[in-house]
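In what follows, a structure is listed as structure tokens, so that the remarks can point back to it.
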Amino acid sequence: MGDEAILRLLALPGSVRRASVSKAILRTLRETAPALVAIEIFELDDIPIYNQDFDHDPPASVRALRAAIKAADGLIVLSPEYNHGMSGVIKNAIDWVSRPGYASILANKAVAVFTTSESPLGGARAQADLHKMFLSTLSRVAPGREVSFGNTAKTVVDGKLADAALLKRAWALIESLLAEIRLTQGE
Ligand SMILES: Cc1cc2nc3c(=O)[nH]c(=O)nc-3n(C[C@H](O)[C@H](O)[C@H](O)COP(=O)(O)O)c2cc1C
């Protein structure tokens, strides 16, 4: 038991605004993580618009994102729903780190996907988008009951996810992510 390694999860919020609900929920997950799980939040504010010309010489912010993804055992991606899809912030960041196609740092990387919106649906329409994108990068999307954080005017209070049932469901999906990581790392 005592020699179990800490699993390092990198969390990407799909919104860059200061009062972002996505960021607040990820902070709550970070604060409620069990002892052997460490969650680092990587904010995407400095990631420029994707330009294929720079695939081999990306800006420093993209290099930092690539390094953080490479070092992480798994990813947590939480996107707000924008116009019935994932946010451009997430799509843009993933486009940068998805090269070379089918052989990028995302190949075989375990990922748990989440969405949020202020509506009761919680951005559920963007979930399929995230699944489809990570199919193309050959990532391993953790199986489990979908978690969409909705009604956020009520469920996110003072910068924290205050809905215990939703938090429990989120951790059930992250447990599935941890199982996927152990599977892919051959334990
Ligand atoms: C450009 C834009 C488009 C949006 N489109 C949708 C949508 O299609 N469906 C929905 O439920 N909410 C939509 N919303 C609401 C956002 O999902 C909601 O405000 C979310 O909390 C934003 O995430 P954030 O708090 O992390 O910035 C939209 C918001 C913006 C700014």
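Throughout the sequence shown, residue numbering follows the working numbering, covering 1 to 187 in sequence. Cβ atoms here follow ideal geometry from the backbone N, Cα and C, with glycine treated the same way. Values in this document were obtained by computation on a predicted structure and should not be read as measured data.
Tell me the rounded alpha-carbon separation between residue i and residue j.
{"i": "residue 179", "j": "residue 66", "result": "23 Å"}
{"i": "residue 86", "j": "residue 111", "result": "15 Å"}
{"i": "residue 64", "j": "residue 164", "result": "34 Å"}
{"i": "residue 77", "j": "residue 98", "result": "15 Å"}
{"i": "residue 120", "j": "residue 88", "result": "22 Å"}
{"i": "residue 173", "j": "residue 142", "result": "7 Å"}
{"i": "residue 81", "j": "residue 91", "result": "12 Å"}
{"i": "residue 132", "j": "residue 157", "result": "31 Å"}
{"i": "residue 151", "j": "residue 75", "result": "25 Å"}
{"i": "residue 73", "j": "residue 33", "result": "15 Å"}
{"i": "residue 69", "j": "residue 51", "result": "19 Å"}
Within a Cβ cutoff of 6 Å, which residues of the same chain sit near residue i, ignoring the five residues on either side of it in sequence?
{"i": "residue 124", "result": "148"}
{"i": "residue 167", "result": "161"}
{"i": "residue 37", "result": "7"}
{"i": "residue 93", "result": "44, 47"}
{"i": "residue 129", "result": "85, 86"}
{"i": "residue 169", "result": "147"}
{"i": "residue 114", "result": "78, 147"}
Among the residues of its own chain, which have a CB less than 7 Å from the CB of residue i, if the five just before and after it don't count?
{"i": "residue 1", "result": "Unreliable placement is indicated for residue 1, whose pLDDT of 45 sits below 50; the coordinate value is still reported in the next sentence. Excluding sequence neighbours, residue 1 sits near nothing in its chain."}
{"i": "residue 4", "result": "36"}
{"i": "residue 122", "result": "115, 116, 148, 149, 150"}
Judging by CA-CA distance, which residue of the options is the nearest neighbour of residue i?
{"i": "residue 189", "options": "140, 17, 19", "result": "No answer is possible for residue 189: it lies beyond the span of the chain, which begins at 1 and ends at 187."}
{"i": "residue 8", "options": "14, 35, 22, 134", "result": "35"}
{"i": "residue 134", "options": "49, 95, 10, 27", "result": "95"}
{"i": "residue 171", "options": "5, 31, 21, 19", "result": "31"}
{"i": "residue 103", "options": "23, 137, 19, 25", "result": "137"}
{"i": "residue 106", "options": "144, 44, 10, 4", "result": "10"}
{"i": "residue 190", "options": "185, 42, 84", "result": "Nothing in the structure corresponds to residue 190, since the chain is present only between 1 and 187."}
{"i": "residue 117", "options": "154, 145, 59", "result": "154"}
Would you mind giving the Cβ-Cβ distance between residue i and residue j, rounded to the nearest angstrom? I have them listed as a contact below 8 Å.
{"i": "residue 126", "j": "residue 79", "result": "6 Å"}
{"i": "residue 46", "j": "residue 61", "result": "4 Å"}
Within its chain, find whatever has a CB closer than 8 Å to the CB of residue i; leave out the 5 residues flanking it on each side and keep chain order.
{"i": "residue 49", "result": "92"}
{"i": "residue 28", "result": "160, 161, 167"}
{"i": "residue 108", "result": "138, 139, 140, 184"}
{"i": "residue 26", "result": "11, 13, 39, 41, 76, 78"}
Quick check on the DSSP output: what are the complete beta strand (DSSP E) runs of length 3 or more inside the stretch 63 to 113, in order along the chain? 74 to 82
List, from N- to C-terminal side, the beta strand (DSSP E) runs of 3 residues or more that fit wholly inside the stretch 27 to 65. Those beta strand (DSSP E) runs which fall completely within the stretch 27 to 65 and span 3+ residues are 37 to 41.
Where are the beta strand (DSSP E) runs, 3 residues long or more, that stay fully inside the stretch 105 to 161, in chain order? 110 to 116
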